[in-house]
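Asker:
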Amino acid sequence: MPALINPSILSADFANLERDLHAISTADAAHVDVMDYHFVPNLTLGLPVFERLVEVSPVPVDGHLMIADPDRWAPAYAEAGAASVTFHAEAAQAPVRLARELRRLGARAGVALRPATPVEPYLDLLAEIDMILVMTVEPGFGGQSFIDGTLPKIRRARAAISEQDLDVHIQVDGGVSRDTIERAADAGANVFVAGSAVYGADDVPAEIETLRDLASRHVH
366 MPALINPSIL SADFANLERD LHAISTADAA HVDVMDYHFV PNLTLGLPVF ERLVEVSPVP
426 VDGHLMIADP DRWAPAYAEA GAASVTFHAE AAQAPVRLAR ELRRLGARAG VALRPATPVE
486 PYLDLLAEID MILVMTVEPG FGGQSFIDGT LPKIRRARAA ISEQDLDVHI QVDGGVSRDT
546 IERAADAGAN VFVAGSAVYG ADDVPAEIET LRDLASRHVH
């Protein structure tokens with residue numbers, strides 16, 4: 366399973382998003398955080414901006430919806446052309462129904478878990494989704510430190526995916542950098558969201574390649 370690098374534009378310049386999307390053209394996807402000031406205490410962007418980002422992005426767009434009521438709002442992001450749409454387990458009323466709708470609309474369906482949310486209730490539903498996002502910081506703000514206590518959760522998820530012989534990705538988001546990416550990959554993650562580590566680098570394409578190389582040595 367290849368190591369995929371999805372830089373988060375949360376660390377980009379919001380006045381120059383098209384420019385900063387093209388800066389990560391060697392990445393596997395652009396991770397776009399949608400925050401509504403309800404589910405998380407931050408506000409980023411909504412559907413009209415997201416739709417334009419999909420239109421101008423040189424790479425697929427990976428939408429991470431940190432919003433209340435994703436059952437109502439998430440399908441529109443799939444319709445907008447997102448390659449994948451991830452909603453939070455804590456916010457969804459009917460996660461399987463929502464995942465099926467996202468897939469029907471042509472997007473990969475992801476379920477995100479906050480650091481303290483257990484993965485076990487979702488292990489029997491793995492066949493219904495394409496990705497589990499294990500938040501390695503509390504969702505809402507970039508630049509936080511990686512929470513090592515999430516690594517056992519990643520290991521349990523990877524073991525269940527392997528046991529069921531499924532093609533389900535495990536994404537990690539928060540505090541991913543040269544210092545932490547190998548630990549996350551060794552635990553079983555294969556998709557890595559890095560924001561400040563990428564956009565804060567002097568050479569963005571080189572940093573993407575460095576992170577990909579470090580993770581590739583450990584991805585299962």
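For the sequence shown, the residue numbers in my numbering are 366 to 585.
In this text, a Cβ means the ideal position worked out from N, Cα and C, and glycines have one as well.
#1: From the DSSP output, which residues share a beta bridge with GLN536?
#2: Label HIS396 either buried or exposed according to how many other C-beta atoms from any shown protein chain fall within 10 Å of its C-beta, with 16 as the threshold for buried.
#3: Based on the DSSP output, what are the partners of ASP434 in its beta bridges?
#4: Roughly how many angstroms separate the alpha carbons of VAL541 and GLY560, rounded to a whole number?
#5: Between SER510 and the rest of its own chain, which residues show a CB-CB distance below 8 Å, the 5 nearest in sequence each way excluded?
#6: Just checking, does the stretch 417 to 436 make contact with the stretch 447 to 462 on the three C-beta pairs under 8 Å criterion?
#7: Look at the alpha carbon of VAL419 and the alpha carbon of LEU412, and state the distance between them as a whole number of angstroms.
#8: For SER449, does the three-state DSSP call read helix, strand or coil?
#9: Could you work out which residue in VAL476, ALA394 and PHE557 is closest to ASP578 when comparing CA atoms only?
#10: Going by CA-CA distance only, name the one from PRO367, ALA388, GLU383 and ARG384 that's closest to ASP568.
#11: Does GLN529 pass the burial test, meaning 16 or more other C-beta atoms within 10 Å, or should it be called exposed?
#12: Answer with buried or exposed for VAL421, where buried requires no fewer than 16 other C-beta atoms within 10 angstroms of its C-beta.
#13: Please state the DSSP three-state secondary structure of ALA474.
Answerer: Per the coordinate set shown:
#1: Reading the sequence shown from its first residue, position 171 is the one you call residue 536. Per DSSP, the beta bridge partners of GLN536 are LEU498 and VAL556.
#2: If you number the sequence shown from 1, residue 396 lands on position 31. Under this definition HIS396 is a buried residue.
#3: For this step, residue 434 is matched to residue 69 along the sequence shown. Answer by DSSP bridge pairing: none, since ASP434 is not bridged.
#4: Taking the first residue of the sequence shown as position 1, residue 541 is located at position 176. Taking the first residue of the sequence shown as position 1, residue 560 is located at position 195. Answer to the nearest angstrom: the Cα atoms are 8 Å apart.
#5: Position 145 of the sequence shown, counting from 1, holds the residue named residue 510. Result list for SER510: VAL502 and GLY540, in chain order.
#6: For the pair of segments examined, the stretch 417 to 436 was found to touch the stretch 447 to 462: the number of CB pairs separated by less than 8 Å reaches three.
#7: Here residue 419 refers to the residue found at position 54 of the sequence shown. Here residue 412 refers to the residue found at position 47 of the sequence shown. Rounded to the nearest angstrom, the two C-alpha atoms are 10 Å apart.
#8: Locating residue 449 in the sequence shown gives position 84, where the first residue counts as 1. Judged by DSSP in its simplified three-state form, SER449 adopts strand.
#9: Taking the first residue of the sequence shown as 1, we reach residue 578 at position 213. Per the Cα distances, PHE557.
#10: Residue numbering aside, residue 568 sits at position 203 when the sequence shown is read from its first letter. Looking at the Cα atoms, ALA388 is the closest of the given residues.
#11: What you label residue 529 is simply residue 164 of the sequence shown in a count that begins at 1. Under a 10 Å Cβ-count criterion, GLN529 is classified as exposed, with fewer than 16 other Cβ atoms of the shown protein chains found around its own Cβ.
#12: In the sequence shown, the residue the question calls residue 421 occupies position 56. Classification for VAL421: exposed.
#13: Position 109 of the sequence shown, counted from the first residue, corresponds to residue 474. Secondary structure at ALA474: strand, using DSSP grouped into helix, strand and coil.
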